[in-house]
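Residue numbers (my numbering): 15 to 131.
Structure record follows, encoded as structure tokens.
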């Protein structure tokens, strides 16, 4: 059975893999890595002993740095998605405006006949 330091080392490696997956746009791998990383950190915390507190603290600070990198990458992805959605919305709005300006011949003829009627 692994001790808490070994589990945190593994969580760190998984965090790096998660970061690479985010950079490559592979959300499924990133999601799986995040779940596994969280599980390992929780397990490491539950197994902690007082004799390794200093080393544990150092490894947790290292994990905190990985978390900052992950958060920054997710913020970039969020901004990119938001930009894409806004562009899509703007394009869709333009199509709706075009659709409203185009009339069908049948409706314009009947409108004209109704006025002359």
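Where is the CB? At the ideal position from N, CA and C, for every residue including glycine.
In three-state DSSP terms, what is residue i?
| i | result |
| --- | --- |
| residue 40 | coil |
| residue 47 | helix |
| residue 31 | helix |
| residue 71 | helix |
| residue 20 | helix |
| residue 53 | helix |
| residue 61 | coil |
Given a cut-off of 8 Å on the beta-carbon distance, is the pair residue i and residue j in contact?
| i | j | result |
| --- | --- | --- |
| residue 19 | residue 66 | yes |
| residue 21 | residue 50 | no |
| residue 99 | residue 33 | no |
Would you say the region 20-28 touches the region 70-83, given that touching needs at least three Cβ pairs under 8 Å? By the criterion of at least three beta-carbon pairs nearer than 8 Å, the region 20-28 is in contact with the region 70-83.
Could you check whether the region 92-99 touches the region 35-43, counting it as contact only if at least three pairs of C-beta atoms, one from each stretch, sit closer than 8 Å? Look at the beta carbons and you see the region 92-99 not touching the region 35-43: under three pairs across the two are nearer than 8 Å.
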